[in-house]
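In the numbering used here, the protein residues as written are 361 to 450.
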């Protein structure tokens, strides 16, 4: 059982943390979620046109694209930037 003091401390902590939530639009979004959104929005062909990387243009799949993007920071950054631009325009 929690004491009253402990419950008050928990409540205060939760209030403080609620104020410090991230303003980052990528916060809580996995690379899988971002990629699925972009594929749904643009399709593989147009996505490959917007970001010219082989995993989007040659026999594309979510699995192979995730593998490449997780190993290649510059490509992941391009995907994240396109996602941010896309959600801002919608």
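A virtual CB, placed ideally from N, CA and C, is assigned to each residue, including glycine.
- Cβ-Cβ distances below 8 Å link residue 411 to 435, 438, 439, 442 in the same chain, with the five nearest sequence neighbours on each side left out; the list follows chain order.
- Pairing residue 422 with residue 371, the inter-Cα distance amounts to about 42 Å.
- Around residue 408, the same chain offers 416, 417, 420 as residues with beta carbons nearer than 8 Å, after the five sequence neighbours per side are excluded.
- If you draw a straight line from the Cα of residue 433 to the Cα of residue 385, it is about 18 Å long.
- Non-local C-beta neighbours of residue 397 in its own chain, meaning closer than 7 Å and more than five positions away in sequence, comprise 443, ordered along the chain.
- If you draw a straight line from the Cα of residue 394 to the Cα of residue 428, it comes to about 14 Å.
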